[in-house]
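Residue numbers for the sequence shown, in this note's numbering: 126 to 973. Idealized CB from N, CA, C, for every residue including glycine. These notes concern the structure reproduced below.
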Amino acid sequence: MVSTPPSTELPTFDRLQEKWLGIWDELRPFSTADPSDNRPRKYVLDMFPYPSGDLHMGHAEAYALGDVIARYWRQQGFNVLHPIGWDSFGLPAENAAIKRGANPVTWTYDNIAQQRESMRRYAPSFDWDRVLHTSDPSYYKWNQWLFLKMYERGLAYRKDSWVNWDPVDQTVLANEQVLPDGTSERSGALVVKKKLTQWYFRITAYADRLLDDLNQLEGSWPSKVLSMQRNWIGRSTGADVDFAVEGRDEKITVYTTRPDTLHGATFMVVAPDSDLAADLVSGAEPGIRTAFEEYLQRTQRSSEIERLSVDREKTGVFTGRYAINPLNGERLPIWVADYVLSDYGQGAIMAVPAHDQRDLDFARTYDLPVRVVVDTTQPVTGAIRIIPADGTLPELDDMNPVLTGTALTGDGRLINSGQFDGLSKGTAIARVTAYLEQHGLGRPAKNYRLRDWLISRQRFWGTPIPILYDEDGNEIPVPEDQLPIALPSTEGLDLKPKGVSPLAAATDWVTTTTPDGRPALRDSDTMDTFVDSSWYFLRFLSPNDDSQPFDRAEAEKWAPVDQYVGGVTHAILHLLYARFITKVLFDLGYVSFTEPFSALLNQGMVQMDGAAMSKSKGNLVRLSEQLDQYGVDAVRLTMAFAGPPEDDIDWKDVSPSGSLKFLSRALRLAQDVTSTPDAIWRKGDVSLRRVTHRFLADAPGLVEAFKFNVVVARIMELVNAIRKAIDSGPGPADPAVREATETVALALSLFAPYTAEEMWEMLGYPPSVALYGWRKADPTLLVQESVTAILQVDGKVRGRIDVPPTIGADELERLARADAGVARALGDREIVNVIVRPPRLVNIATRG
């Protein structure tokens, strides 16, 4: 009987995927369910996806890179929690369902099923026992619990206010959801202002902590993200100044960063959409009230970006009222103008036109006084220049803002400021603030760009707000034991945007009773979906626990997240809100840490031809098609090899086909190895072992520095060295060949799990290679016995010699001069210079 030789044909990538998916499903190698596992822990988390359709190229990059980190820490001996879930509430699902005439529930969960199967195929090392969906009642019950806890502490409140209104999606937006050009990040429509009664989270109460605690994250978060957070919070210091108003008992408090310029205030400006403006004109003559109402309507059609533009023509309406400057007693006319925003302080500013460009433009438009109080031509040291009381600079007309139309914004010394004349800016701010406080006219103050988080949404597909209203309109929190307040069926509901929540029309759902049996109505708004994602990392710790949002003992074991991975597009919104809620939970005693994510990695975008992919641009690359053509491993390896994670990837510049060929070469190595797993490696080829152990020593540091592309390049170098050893060196039976090939399999398990598992099996080991620890480098193999020195004459290579790595310059020059090739090149030429860079280079320069 003749035996059949084993097949030399390598399995195709689709066969590998089908084979190993089944094995992994059975083994569940990444489960963290064993309570007796006492290895040190790491929590690696990828920002969870929104189920808008199947996975796309951006998902492919994000989950490939996050998985490298999770797999790496397992190899380093850690028990790694790496969960996945779906951020499944929100406007896109509701809008898509309306467009298709579908149910948002069905649309959402069908997409989750599709994404889950694609994610399984893509093979991230997720713990599939910890899946969550934020649209499940078992999840959003705890959103409602969180709301009630914040309500108890005065951190959730309801008020009438001007809000950002999306006229297309017919819902309010938080400030953070309005793009810099004044459009909605959701619909792209120009955002307008609308006055509504809405629910807010008092994030401003945590402004200082949110800002100061960023110092904890220096070096572990990208500096760009830290800067974006700091700028968004936007803390400034100055003074609150109280201005009396003629004919009004209540004073107007103005926040200013420049109290030193108070003597230069010649009028006051109030935001037209502020309550203060309405109050000031309430008793004015009919003509003023009419002009104000017309101006307010125009303002409401303008975006904040337009209103704050320096170049925009300044317009306004005089209120007929006057305030009193607390320092000099002057009457200041009070105007309404749209370049002041209602949520800045009390919605009022003192206008100092000589030293603020927008104030100056307004003053020139309406012929209001301009008084210079800071001489910017005068150094802060030296003699003091005295300026006439009218503020003009007769001998310096080219610098007079009245004439030039340019405000004097530089530093200098105070003038026309009474007792404060001659003081520099810093000293004057302190002295004026102290004077105001001493005389009951003001006080030191801080201000923030950050505004409270508006969480009300006038849409169906979100978490219902757990508040009832009795017949007198009183707010009544829903008792915790009645949670969750589940969404009703969509049957019979018109979900189209109409300015109020569709839930308001669900009569049977809205109509209810108070805990003591009185008639009541439910709040029909739902919560901003950023509430869902502000604490989801904690729910992953006990996603199936019906008795509590998360197990505090599990939080002590796993949290905070050691490594968070996701796009920089969430640098403000999601990260800021998650940091806020974490601090609230800390104050409530539910967690022992104040920052949710200890380290952050932002990946770039996957583009095509230098632009974001889209159907309309004709440059869309479908992930499913790439996976069908090249396989999962080739796509994942390409993502890691394309460049630093934070850089954008242009898909036309990368080569998944090249990655596929390389993986086949690596797989062939495992097939060619003929030594057995019990081979004694130290008896193998020393030169190959040196290459292997240098890689083992270098790779961990490269991974921890997120230099994934360099690791892949080093794997490729190792594969080349192994192939050379097999084909023209000691051969496939050499133990060093096996050791090196096993190292390739271990390293590839970070990037190409199917190929790595198949190699591991070919090499005679049971699955899973992902759970096999990283091998330690032998330090004796890291010592270089010799290095090759290049010998040049006039810049041309004339020889190479092997020398000790510790060789000195004199000895290296002596050996170079003695080299036969160098001697022939020198001949009788005059040596004019010798450059020696031990141990790598000698260059001899000659003349003649």
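Quiz item: Are I774 and G768 touching if we call contact CB-CB under 8 Å?
Solution: Locating residue 774 in the sequence shown gives position 649, counting from the first residue. Locating residue 768 in the sequence shown gives position 643, counting from the first residue. A contact, by the Cβ cut-off of 8 Å.
Quiz item: How big is the Cα-Cα spacing for N525 and T531?
Solution: As a working note, residue 525 is residue 400 in the sequence shown. As a working note, residue 531 is residue 406 in the sequence shown. Taking the straight line joining both Cα atoms gives about 8 Å.
Quiz prompt | Nearest neighbour of L539, chosen from G191, G389 and S717 [CA to CA] | solution = Here residue 539 is taken as the residue at index 414 of the sequence shown, counted from 1. Checked all of G191, G389 and S717; the closest Cα to L539 is G389.
Quiz item: Where does V957 sit, in a helix, a strand or coil, going by DSSP?
Solution: Sequence index remark: in the sequence shown, residue 957 carries index 832 (1-based). Strand, per DSSP.
Exercise. With DSSP as the reference, please indicate the residues paired to H258 in a beta bridge.
Key: On the sequence shown, position 133 is the one that residue 258 refers to. In the DSSP output, where bridge partners are listed per residue, H258 has W211.
Quiz item: If we cut at 8 Å on Cβ distances, does W586 have a partner in chain B?
Solution: No chain B is present in this structure, which holds just one protein chain.
Quiz item: Taking one C-beta from the stretch 323-334 and one from the stretch 485-496 each time, how about it: are there three or more such pairs within less than 8 Å?
Solution: no
Quiz item: When the distance is taken between beta carbons, is A570 closer than 8 Å to A330?
Solution: Taking the first residue of the sequence shown as position 1, residue 330 is located at position 205. Taking the first residue of the sequence shown as position 1, residue 570 is located at position 445. No, the Cβ-Cβ distance between A330 and A570 is not below 8 Å.
Quiz prompt | D655 to I805 span [Cα, whole Å] | solution = Locating residue 655 in the sequence shown gives position 530, where the first residue counts as 1. Locating residue 805 in the sequence shown gives position 680, where the first residue counts as 1. First, the residue type needs correcting, since residue 655 is Phe and not Asp in the sequence shown. Each residue's Cα considered, the two are about 56 Å apart.
Exercise. Tell whether a beta-carbon distance below 8 Å holds between M887 and Q754.
Key: The sequence position of residue 887 within the sequence shown is 762, counting from 1. The sequence position of residue 754 within the sequence shown is 629, counting from 1. Cβ distance not < 8 Å, so M887 and Q754 don't count as in contact.
Quiz prompt | Classification of A385 by the beta-carbon crowding that lies within 10 angstroms, buried from 16 upward | solution = Translated into positions along the sequence shown, residue 385 becomes position 260. Note on residue identity: the sequence assigns Asp, not Ala, to residue 385. With 16 or more Cβ atoms within 10 Å of its Cβ, D385 is classed as buried.
Quiz prompt | Closest residue to G372 among L405, A861, F820 and A416 (Cα-Cα distance) | solution = For the purposes of this step, residue 372 is identified with residue 247 of the sequence shown, where counting begins at 1. Of the listed residues, the one whose Cα sits closest to G372 is L405.
Quiz item: Where G952 and V922 are concerned, what is the direct C-alpha to C-alpha distance, given to the nearest angstrom?
Solution: Position 827 of the sequence shown, counted from the first residue, corresponds to residue 952. Position 797 of the sequence shown, counted from the first residue, corresponds to residue 922. Their Cα atoms are separated by approximately 15 Å.
Quiz item: Would a C-beta distance cut-off of 8 Å place E219 and W634 closer than the cut-off?
Solution: The residue labelled residue 219 in the question sits at position 94 within the sequence shown. The residue labelled residue 634 in the question sits at position 509 within the sequence shown. Not a contact, by the Cβ cut-off of 8 Å.
Quiz item: Cα-Cα, which of S581, A488 and A881 is closest to L298?
Solution: By 1-based counting over the sequence shown, the position of residue 298 is 173. That would be S581, whose Cα lies nearest to the Cα of L298.
Exercise. In the DSSP assignment, find the unbroken beta strand (DSSP E) run with N525 in it and report its ends.
Key: Residue 525 sits at position 400 when you count from the first residue of the sequence shown. Premise fails: N525 is in no beta strand (DSSP E) and is neither H nor E.
Quiz item: Taking C-alpha atoms, which residue in G598, G215 and E277 lies nearest to T639?
Solution: As a working note, residue 639 is residue 514 in the sequence shown. For T639, the nearest C-alpha among the options comes from G598.
Quiz item: Per DSSP, L206 is paired with what?
Solution: For the purposes of this step, residue 206 is taken as residue 81 along the sequence shown, with counting starting at 1. Answer is Y168.
Quiz item: Is the stretch 856-865 in contact with the stretch 222-233, if contact means three or more CB pairs nearer than 8 Å?
Solution: no
Quiz item: What three-state label does DSSP hand G889 in the structure shown?
Solution: By one-based count along the sequence shown, residue 889 stands at place 764. Residue state, collapsed to three classes: coil.
Quiz prompt | Any beta strand (DSSP E) of 3 or more consecutive residues that is wholly inside the stretch 291-340 | solution = 296-298 and 317-326
Quiz item: Is the beta carbon of N289 sitting closer than 8 Å to the one on R576?
Solution: As a first step, residue 289 is located in the sequence shown; it is residue number 164 there, counting from the start. As a first step, residue 576 is located in the sequence shown; it is residue number 451 there, counting from the start. Result no, Cβ atoms of N289 and R576 do not sit closer than 8 Å.
Quiz item: Around the Cβ of V760, are there at least 16 other Cβ atoms within 10 angstroms (buried) or fewer (exposed)?
Solution: Taking the first residue of the sequence shown as 1, we reach residue 760 at position 635. Burial call: buried.
Quiz item: Rounded to a whole number of angstroms, what is the C-alpha to C-alpha distance between A724 and A830?
Solution: Walking along the sequence shown from the start, residue 724 turns up at place 599. Walking along the sequence shown from the start, residue 830 turns up at place 705. Distance between the alpha carbons of A724 and A830 is about 12 Å.
Quiz item: Going by other Cβ atoms of all chains shown within 10 Å of its Cβ, with 16 needed for buried, is V461 buried or exposed?
Solution: Counting from 1 along the sequence shown, the entry for residue 461 is found at position 336. Buried is the call here.
Quiz item: How would you write the range of the alpha helix (DSSP H) that F787 sits in, first residue to last?
Solution: Residue mapping note: residue 787 aligns to position 662 of the sequence shown, counting from 1. Where F787 is concerned, the enclosing alpha helix (DSSP H) stretches over P781 to D797.
Exercise. Kindly indicate which three-state DSSP category S749 falls into: helix, strand or coil?
Key: By one-based count along the sequence shown, residue 749 stands at place 624. It is helical.
Quiz item: Across which residues does DSSP place Y247 in a beta bridge pair?
Solution: Here residue 247 corresponds to residue number 122 of the sequence shown, with the count starting at 1. None; Y247 has no bridge partner.
Quiz item: Among K682, T707, R437 and N268, which has the Cα closest to the Cα of T259?
Solution: Taking the first residue of the sequence shown as position 1, residue 259 is located at position 134. Ranking K682, T707, R437 and N268 by Cα distance to T259 puts N268 first.
Quiz item: For the candidate residues A684, A737, G743 and P458, whose alpha-carbon lies nearest to that of W169?
Solution: Locating residue 169 in the sequence shown gives position 44, counting from the first residue. One detail in the question is off: residue 169 reads as Val in this sequence, not Trp. Looking at the Cα atoms, A684 is the closest of the given residues.
Quiz prompt | Backbone CA spacing between R241 and A189 [nearest angstrom] | solution = Translated into the one-based positions of the sequence shown, residue 241 becomes position 116. Translated into the one-based positions of the sequence shown, residue 189 becomes position 64. Near 15 Å, if we compare the C-alpha coordinates of A189 and R241.
Self-check item: Reduced DSSP category for T730 - H, G, I as helix; E, B as strand; rest coil
Solution: Position 605 of the sequence shown holds residue 730. The displayed chain sequence assigns Met, not Thr, to residue 730. Three-state result, M730: coil.
Self-check item: Nearest-angstrom beta carbon gap, T817 and T868 [assumed within contact, 8 Å]
Solution: Within the sequence shown, the letter at position 743 stands for residue 868. Within the sequence shown, the letter at position 692 stands for residue 817. Confirmed, Cβ separation roughly 5 Å.
Exercise. Mind checking who N289 pairs with in its DSSP beta bridge?
Key: Position 164 of the sequence shown holds residue 289. Answer is L298 and K318, bridged to N289.
Self-check item: Simplified DSSP state of I592, which is helix, strand or coil
Solution: Translated into the one-based positions of the sequence shown, residue 592 becomes position 467. If DSSP states are grouped into helix, strand and coil, I592 belongs with the strands.
Exercise. Inspect the beta-carbon positions of P627 and L612 and report whether they are closer than 8 Å.
Key: Along the sequence shown, one-based indexing puts residue 627 at 502. Along the sequence shown, one-based indexing puts residue 612 at 487. Cβ atoms of P627 and L612: not closer than 8 Å.
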